[in-house]
Each structure stands twice: as C-alpha cells, then as structure tokens.
Amino acid sequence: MTADPRAAADRRTIVPLDPSLAPPGTRAFRDAGGIPADRWHADQNGETLVPTHCCFCGVQCGMYLRVDHGGKVFGVEPRNHDINRMRLCPKGINAYQQVNHPDRLTAPLMRRSRDEEFREVSWEEALDFTVSEVKRIQQTYGNDAFGLLGGASLFSEKTYLVGKFARVALKSRHVDYNGRLCMVSAAGANKLAFGIDRAGNPFSDILLTDCLLIAGSNVGECFPVMTQYVWGARDRGATLIVVDPRETAIARTADIHVALKPGTDSAFFTSVLNVVIEEGLTDENFLAGHATGWEEVRAKAAEYPPSRAAAICGIPAEQIVEVARAFARAPKAMAWHARGIEHHSQGVENCLSVINLCTATGHIGRPGAGYGTITGQGNGQGGREHGQKSDLLPGGRSISNEEHRRQICEIWGIEESELPPAGTSMMEMVWQMQRREIRGLIGICNNPFVSLPNYRVVKEGYDTTEFHAQFDFFLSETAANAHVVFPVTTWAEDEGVMANAEARVVKHNKAQDPPPGVRTDTWVICELARRLGAGDKFDFPDSRSVFDELRVASAGTVNDYYGITYERLEETGGIAWPCPTTDHPGTPRLFEDGKTYHPDGRIHLQAVEWHPPMDPYDDEHPMSLTTGRTVAHFLSGNQTRRLGALVEQTPRPWAEIHPSHGFRNGEPVRVVTRRGSEVFPALVTEAIRPDTVFVPYHWPVPAAANALTIDALDPRSKIPEYKVCACRIEHAERVDEVPAPPVAPGHVAYPETQVSRTEPLPPTAPQGRGTSERS
Amino acid sequence: MMGRTIFIDPGRCIGCQACVSACRECDSHRGTSMIHLDYTDEGHSVASLPTVCMHCEDPVAPCAEVCPADAILVTADGVVQQADTTRCIGCSNCVNACPFGVPKIDLEAKLQMKCNLCYDRTAYGLAPMCATVCPTGALFYGTVEELQAERPGVQVADSFVFGETEVRTGVAVVVPAERVQWPVPGGLPVVEINGKDVRR
Ligand code: SF4
Ligand code: SF4
Ligand code: SF4
Chain A
1 MTADPRAAAD
11 RRTIVPLDPS
21 LAPPGTRAFR
31 DAGGIPADRW
41 HADQNGETLV
51 PTHCCFCGVQ
61 CGMYLRVDHG
71 GKVFGVEPRN
81 HDINRMRLCP
91 KGINAYQQVN
101 HPDRLTAPLM
111 RRSRDEEFRE
121 VSWEEALDFT
131 VSEVKRIQQT
141 YGNDAFGLLG
151 GASLFSEKTY
161 LVGKFARVAL
171 KSRHVDYNGR
181 LCMVSAAGAN
191 KLAFGIDRAG
201 NPFSDILLTD
211 CLLIAGSNVG
221 ECFPVMTQYV
231 WGARDRGATL
241 IVVDPRETAI
251 ARTADIHVAL
261 KPGTDSAFFT
271 SVLNVVIEEG
281 LTDENFLAGH
291 ATGWEEVRAK
301 AAEYPPSRAA
311 AICGIPAEQI
321 VEVARAFARA
331 PKAMAWHARG
341 IEHHSQGVEN
351 CLSVINLCTA
361 TGHIGRPGAG
371 YGTITGQGNG
381 QGGREHGQKS
391 DLLPGGRSIS
401 NEEHRRQICE
411 IWGIEESELP
421 PAGTSMMEMV
431 WQMQRREIRG
441 LIGICNNPFV
451 SLPNYRVVKE
461 GYDTTEFHAQ
471 FDFFLSETAA
481 NAHVVFPVTT
491 WAEDEGVMAN
501 AEARVVKHNK
511 AQDPPPGVRT
521 DTWVICELAR
531 RLGAGDKFDF
541 PDSRSVFDEL
551 RVASAGTVND
561 YYGITYERLE
571 ETGGIAWPCP
581 TTDHPGTPRL
591 FEDGKTYHPD
601 GRIHLQAVEW
611 HPPMDPYDDE
621 HPMSLTTGRT
631 VAHFLSGNQT
641 RRLGALVEQT
651 PRPWAEIHPS
661 HGFRNGEPVR
671 VVTRRGSEVF
681 PALVTEAIRP
691 DTVFVPYHWP
701 VPAAANALTI
711 DALDPRSKIP
721 EYKVCACRIE
731 HAERVDEVPA
741 PPVAPGHVAY
751 PETQVSRTEP
761 LPPTAPQGRG
771 TSERS
Chain B
1001 MMGRTIFIDP
1011 GRCIGCQACV
1021 SACRECDSHR
1031 GTSMIHLDYT
1041 DEGHSVASLP
1051 TVCMHCEDPV
1061 APCAEVCPAD
1071 AILVTADGVV
1081 QQADTTRCIG
1091 CSNCVNACPF
1101 GVPKIDLEAK
1111 LQMKCNLCYD
1121 RTAYGLAPMC
1131 ATVCPTGALF
1141 YGTVEELQAE
1151 RPGVQVADSF
1161 VFGETEVRTG
1171 VAVVVPAERV
1181 QWPVPGGLPV
1191 VEINGKDVRR
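First to last, the protein sequences are chains A and B.
Using the working numbering, the letters of the first sequence correspond one by one to residues 1 to 775.
Using the working numbering, the letters of the second sequence correspond one by one to residues 1001 to 1200.
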C-alpha cells in the first residue's frame, strides 16, 4: 500500500486523454484518447481512463475504468476494442460498482468451528490456522484428503498457480475448477474431433457467414454483445437458425426457430445430417480429404430419419429438412453453441453431432465457415488451459501422459514421482467430501452452494469437511460456510490475462490499489505455499512473473502462449493462441491449411447415439425443467446480486411456463423434482414449450434452481446435466422469499439492493423477464 | 433530413436494458435512467422497445411549449434540453404534454429530468451513452446515410400522428420496409375525458 494516491496512479497503465500524447502502441486500440480532456463537468478534469476488459462473461468486452484524483475507480466509459466496438451489456456497465462496494471483505475472517461466529483476524493468524489444518488433515488422512477448487473468473496466471499449488505445495491430486460447469463438453468434443480445445473461428467471422446456426445459446441475454455480429450477418442477408426450447430474443427474429424438447439435441443434429446425406448435400471431397470415421457417422445418421427425430424432439419433421437445406446449401455456414447443448449427460455427444454436421457439409476452416463455442465465464477458456483442471497440466498437457509429466516436472523442478496423478471433477469431489474421502478444502473464487446441482448434496458435502477455506472479495454463500475467508482483490486491482470465447488472449490492467487489508490471490497462494515448505517454487512477486513462467510452460504445446507478452497484448488488443514466437501474429482462425491438431491432421468424426436424459419422466414428473441465465446477473450472483441497478432490473427468479397450464402471470407456482420443490412467481408466456419449465439459476435456496436440478454427469466431460430434469408444477400459496447475500460482520449491506430483494411479490404482478422497471 | 441523431430500431432490441444502465452513467443526471423499456406483446413474445426523448422539432417540443417557467431550452442543433435547474418549478406540465411519455419528475427536488441526448458527450462528437453501448444497435447514433450504409435498405420515420396532431421529431424510428408510411401512427386519439367527448 502506498500513502500517496498519485504514486499509485503513476504505476497504472493510463491512456492519456490527449490523443496526440498517446504512446505509439495504444493507437492500435483505435480509440486511444477518444475522450476529450476538457469534458464539461469540472469533476472529470484530471480523471484517468484505464483500458481493461469486463470481468464477467467470455466475450471479454473492452472498457475503460474511470479513475478519480484519489486513485479510485468511480465509473466506466465504453472502449472501441475490436471485440465489442464500444458495446456493453448491463453487467459490464455496472461492473465497476463492485470495486469499492461496501460489502467488500477487507480483513480475513476466521472461526474454529462452524458453530462460532466469524471474527476478523490478522493475515498471520488466518494463514497459520489454514496451514496447520492442511498439515493436520494431510498427516492424518494422506495428501489426497485435502482438495482445491479454483475458478474461471481468475486471470490465467492465477489458474496456473492454482494447478501448480495443488500438485507442488499441497501434493494432492484433487484440484478442479468451476469451468467444469461451463464449456467442458464442447472442450471434450473439440479435442476428440480436432485435437484442439477452442472455437474454430473469431466472432468477426459471423459477419461473413451466409447461414448462422445458434444451438442452445440465449445470445441476447447471456452474450448480448455478440448480437451485433448476429445482426451484422442478418444485414448481409444471412439465414439465422436458432435451436432452443424457448423463444429467446434472438430466436424471435430467426428464420427458423427449432423449439425442441430439452435433452434431444443430438437426435436433432444427427437427423439433420440424415437429410443432408439423403439429399446429396454432403461435401464428399472435403470428407475424403480431411476426415476419418465418416462411414460410421453416415451409418448412424441413417438410423435417424426426420420422422423418428421429430417424435423424439417434439418438433415438425419439415423443420429438420428446412434446417438441413439452409445449412448445407449456404456457401458459408457456421454453428455456434453454448451451455444449452453442453449441460447434458450427453453434452460431448451433442457437440460432436454439431461437428459432424459442419464437417459433412465442408463448413470448416474458412472465413465465415466453421464453429464456435460461447464461453460462459470470463476465463472459462483460459482457465483450463494451464493446469487448473484435474486431468490437465499447463499448456493443455495431459497429466496421464508420461512425456507431458516429464516436461512439466522439469519446468517445476520436481521429481516425476512427486507429481500426483489425475484427480476427479468438481461434482465428484463434492461426493467425495460427503463420503469423507476429502476432509479439507480450499475454494478460490467459486460459489458451489449456488452453482452446483442438487443443493442438498452440495451442502452436506461441504458441511462434512473438517476444514474449509475460501478466497473471495464478497462473502458468498459458500464462503459463509467456511472456517477461513481470505479477502482478495477484484479484477480492477491487479493485472493479468484472460482468454475469451474466441481464444483471444486479452490483458486486464490494474486501475486502483486494493483496499487496505486486501491481498492478491497470487500473494495468498504463494504465502500458503511458503508456509507449506514449497516457497522456492512459488517466488512470484506479481502476475507478470507468473505469466513469464506460464509462457515457458506452454511453449511447444497446442495451447502455445510463448509468443504472447504483456507488451504485445497492450499493443494489439489481444492475440489468439497458438502463438509460438514473439513475432507470430496469433491464430484467430483454425484449420485454414486444412490440417487439424491430430498427428494425422484429420478431423476425427465420431458416430453419436442419442439417449434419453438421466432423470426419467413419469406420471409424477412429466415435464422438463431447464435452467439458464438472465441478462442482469452473472453465474451464482455473488457479484451481481449486490449491484443496485442489476438487482432492480431482475430482483428474483421466476418460473417460465406456457399459458396452457392455467396459471396467471405472477401467481405462485411450485416446481417439484425428485430433489425437492420451490415456489416461484409464474411468468406465463407462449415463448416456451408447453412441456417445459424454465427457471434462472442465480439465487440461493430457497429460490435456487439448483436445489431442483440433478447431479448426473456426462461420463466424458463430467459436466452436470443442468439443462434437463423431470419435474411437475403445482399451484402454491406464496412465492419463496429471495434471501439477501450474506454480509461479513462489521459490514453494512447496501440498503438500496436489500429493499428490492425482500419486497414480497404481489401475486399478480407482471414479471416480464423478471423486470421491475417498466412504464 | 436530420443530421447526427439517434435511430431506434425496435426489431433488434433484445430487452437487455444496457441502455437503461448506461443512461444512469450519463453525467447530466447520474444515477437516474431516462430510458423506458417496454415489453409490447407480453405473454406472447419477448419483444421489447426502448423509448428515449424524441427531441420533437415541429411543433416546437410540446414539453417546452407548455412549460410555464421557460425551463426547457431547445438548442440551435435541435436538442431539447432537460429542465434548467434554476428555473424548473416541478409542475409536471411537461410530463403531461409529452406525447411519448418521456420526462420524469423528481418530486423531492421539484425538478424535471429527461434525456438531453447526452449533450455533455455529443457536444464533443461522442455518441450518447445509450446508443454507444446498445449491444444490438437497436439504438444507433449517426446520420441516416451512415445507418443505411450499415443496414442496406433500411427505412426510417421521423413524424408521428397522435389523433389530429402530427409531431416531427429529431430522433427517428426504423420501420419495416413494407410498412413505410408517413406519418407513423403514434397512438390512439383521446376521445373521452371524464365521460365527455372531447373530439372537435
Ligand atoms: S441496450 Fe439496446 S438492445 Fe438492450 S434494451 Fe436497450 S435498446 Fe434494447
Ligand atoms: S419527446 Fe417529449 S420530452 Fe422529448 S422533446 Fe418531445 S415532448 Fe419533449
Ligand atoms: S416540471 Fe419543470 S420543466 Fe416541466 S413544465 Fe414544469 S417547470 Fe417546466
């Protein structure tokens, strides 16, 4: 900490307000100095604009943080970055408000048992207690009895540290991260088919396509800034196909909206492929030159004629034919997908069925033709590239591959025998906690109490642990269960990189010093490592020093970051990996040379068999429950449920149901699954299938969609099946209250947001999409 | 036609309310949003529609015309400013006169507030906050030529009829090409007040 705020300001990356004074590199941002120095309000004279990116979703919009004379973030200004070209969504606009929010944790919290109240303690005491508990648990039950769960909102440097800390300092195999709940199905499918785990094309390719297929993605609410690309394509006359059980804002304007039943995606896509083959629309040259496994895929597709798929998916068979013709006949077509098809016990298969379609029609590796995955979390892509996932080492290396293990041990300076084997996935770790196989846990910037399925199991798992520490900057529902909470920095108080949905690495800059008492995650991890006796391997004073090791650790792998430096990122506004040398321009579009990252350079197609979702329908539970996001909130809501404007925009969850069930808007509707039941206000709309209920998942119990969802996993990606489970709906008396987020002792909750959260809902109040601001 | 202004394209709006949040960040009324977002066909569709001040030109902005305190100034470039804080008496005449339902009154401060096209930004050549951030381009700031270059064939309307009154506006609305019609019907005429037929 420094006493003089001016000194702090000097260390920040600042774009001067006068364009003629901008350093040469910043010109590449195109907007350097776009804000005139003499804006008319006196309070703006002297403010600085720090170029950075949004902390939330995988689009990673560029923005400026406005910093006042005292070195404090106080506002946001749009930034003309390539990704978003000034556009922002409501989360991005309000993000800056969390930096100096009154709920921020500013001292470590500690208690020796869960029956006690938290008290604020010194860093010394919190670190000592944590380390003594780690040692006690590991000495009694073995190293693997202590686990680590990371987060995909962390900068890539920090995710690299999490993976290294687990293996080198904790010496435990049990490390995973909440990106496991995000796009690992797509990652798995892409790895199988292409040998590389990322989107094939940049967002800007959408502007060039003739047919855009969006599957399982509510782009309008989850990735609003991407809609400018969708509309750009529409302006050029591109056909838009949307596959989604709900009529979302994007589906509303689509040429073809396939409102299929949740959990039937691979049957649909395989049937589309069936029609493509039947009508002779396959690109046989492309298949012969670039793919393997086509015969098996063709044979499997023959088993899915439109009549069969139409019955499975609950859609007209003609739609399947229409989609096949539109996609296959387009000179350039693209498929983008997100959690809607990935959050399934057959998530990998769903993604593979889309890849089969793109490959069979030859829509791969050209400008305007290819595939993309829309990452939900800010660093969902980068977060798994450098060893935070249980089965991966830095550079996307496999932890079970002898050669890969040897390479990393050399870089880390440890013996190969010391490197633990692969661990289990996030949900499996919770089951292990329930079974007392994992007795202690450190969680870093994640909130499984809201974000994991089957809340009762999650709560039981966490309650069973003997010791639980959590890193966060607000007291999340999960942190409120911990023994120790470490107050760490927000994204605006440190520098580091993230990789967005296009695999474009972007740099976040530091805009202000952290409040007194708050430390960076890097500092806390290194300090814990030092106390665990691994200090020599964790001598990292800042993010830059971690990034330099990360670059070396990724060199020569598929996820090659070696050529990416902080300086280059600042000059260019982002570089897509692989980027092997410092003069390499990066790789925005994959496979332009027709080669994949498999040794044979081919696309490995896999035949896909559809199977029903894991939670079977019966007379008691005849309908599908599906979950998703709203535009105002981010994931578990620990951040956005504290920001006034966002709470006002969407104060509480709702159950979206079709008018045929006889409910009035706003009436309490009880949603019952085999895991439990909860009562939400009904949002009655024709924009959803009659057999489907939708509930957004950003709130904790008793208004949590995840108290109802099933903890069934995809066998390959281990992603939970959030997007479909069996349910029924009933009339109820009153909707369940929405609890306020927990607040640490000594902190005052934001009065403005408290009011709208707890206001009881009049039974017939109009809900809109959970919108309170109406005229 | 108009110079640089806002164009509203309801067909693109996704109801995300980024404009509402962005409007709160405008320095001339920080913390309060001047944008309304309407859900036009609730229960059937997710369609939504943003309303910003239309900056009426002809007849001279109705809000300014009825203001007894002369608090609403119209600048030479056609921007209808929000009330002058030293003049406004908070009488709400402007609220009643506005055919688009735009001005808001802060009862405690006895002050009218409304969109002034981000004069603090546009005066420096920047776009208003709402149109800058709108992810879809449902709010677009520029000239009609710039709009048409980006969206080939797009048609806009800048006059609306309310009953027998026609209002020409500085802000324009995108209308479906096959439904182009000037003036655009802006609302149903008022035919009855307190049980009395008020038609002439
Ligand atoms: S920001 Fe644009 S898309 Fe979002 S609600 Fe406002 S006008 Fe509609
Ligand atoms: S839209 Fe309403 S507030 Fe705006 S200029 Fe016209 S009358 Fe005045
Ligand atoms: S409220 Fe203020 S601006 Fe509106 S008419 Fe009355 S005095 Fe004029």
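Note that the Cβ used here is the ideal one computed from N, Cα and C, for glycine as well.
A/Lys158 sits buried, since 16 or more C-beta atoms from the chains shown fall within 10 Å of its C-beta. Two segments are said to touch when three or more pairs of C-beta atoms, one from each, lie closer than 8 Å; by this definition the segment 1084–1092 of chain B touches the segment 1108–1116 of chain B.
With distances taken between CA atoms, A/Ala369 lies nearest to A/Phe327 out of A/Phe327, A/Arg384, A/Phe486 and A/Glu402.
Measuring C-alpha to C-alpha distances from B/Glu1042 to each of A/Val134, A/Glu247 and A/Pro745 identifies A/Glu247 as the nearest.
About 15 Å separates the beta carbons of A/Ala254 and A/Val272, which is beyond the 8 Å limit, so they are not a contact pair. Across the structure, A/Ile250 and A/Phe694 are spaced so that their CA atoms are roughly 17 Å apart. Chain order gives no chain B residues near A/Gly58, where near means a beta carbon separation below 8 Å; the closest approach is about 15 Å. Per the coordinates, the alpha-carbon of A/Gly574 lies some 10 Å from the alpha-carbon of A/Glu502. For the pair A/Thr292 and A/Pro514, the Cα-to-Cα distance works out to about 53 Å.
The beta-bridge partner set that DSSP reports for A/Trp336 consists of A/Ile214 and A/Gly372. Burial is judged here by how many other beta carbons sit within 10 angstroms of a residue's own beta carbon; B/Glu1164 has fewer than 16 and is exposed. Distances taken from the Cβ of B/Ser1033 to the heavy atoms of ligand 1 include none shorter than 7 Å. Per DSSP, the beta-bridge partners of B/Cys1056 are B/Thr1169.
In the structure shown, A/Leu393 adopts extended strand secondary structure according to DSSP, grouped into three states. The beta carbon of B/Ser1092 sits no closer than 8 Å to any beta carbon of chain A. Contact between the segment 168–176 of chain A and the segment 342–358 of chain A is absent, with fewer than three C-beta pairs closer than 8 Å. Rounded to whole angstroms, the gap between the alpha carbons of A/Gly517 and A/His337 is 42 Å. By the rule that beta-carbons nearer than 8 Å mark a contact, A/Glu609 does not touch chain B.
Taking C-beta atoms under 8 Å as the contact rule, A/Pro306 and A/Ala317 qualify, at a distance of about 4 Å.
Scanning A/Gly195, A/Thr627 and A/Asn100 for the CA closest to the CA of A/Ile355 turns up A/Gly195. Fewer than three Cβ pairs drawn from the segment 101–113 of chain A and the segment 408–419 of chain A lie within less than 8 Å of each other, which leaves the two stretches out of contact.
Minimum Cα-Cα distance from B/Ala1076 among the listed residues B/Val1095, B/His1055, B/Thr1086 and B/Pro1068 corresponds to B/His1055.
Beyond the five residues adjoining it in sequence on each side, A/Val230 comes within less than 8 Å, by CB distance, of Ile206, Leu212, Ile214, Val219, Leu240 and Ile250 in the same chain, given in chain order. For the pair A/Pro668 and A/Glu733, the CB atoms are nearer than the 8 Å cut-off.
Rounded to whole angstroms, the gap between the alpha carbons of A/Asp391 and A/Asn401 is 10 Å.
With contact defined as three or more Cβ pairs closer than 8 Å, the segment 58–73 of chain A and the segment 613–623 of chain A are not in contact.
Contact annotation for B/Gly1142 against chain A: no contact, minimum CB-CB distance about 12 Å [criterion: below 7 Å].
In this structure, the alpha-carbon of A/Val558 lies about 8 Å from that of A/Tyr597. The beta carbon of B/Thr1136 sits closer than 7 Å to at least one heavy atom of ligand 1. The alpha-carbon of A/Val608 is positioned some 10 Å away from that of A/Arg298. At a Cβ-Cβ threshold of 8 Å, A/Met86 and B/Thr1132 count as neighbours. For the segment 225–241 of chain A, the residues whose beta carbon sits under 7 Å from a beta carbon of chain B are, in order, Val225, Thr227, Gln228, Trp231 and Asp235.
Three or more beta-carbon pairs drawn from the segment 584–591 of chain A and the segment 196–204 of chain A are found closer than 8 Å, and the two stretches are therefore classed as touching. The beta strand (DSSP E) runs of length 3 or more contained entirely in the segment 56–131 of chain A are, from start to end of the chain, 62–67 and 73–78. Shown here, A/Cys725 sits in a strand according to DSSP, grouped into three states.
The beta carbon of A/Pro224 sits closer than 7 Å to those of Cys89 and Val631, all from its chain and outside the five residues before and after it, given in chain order.
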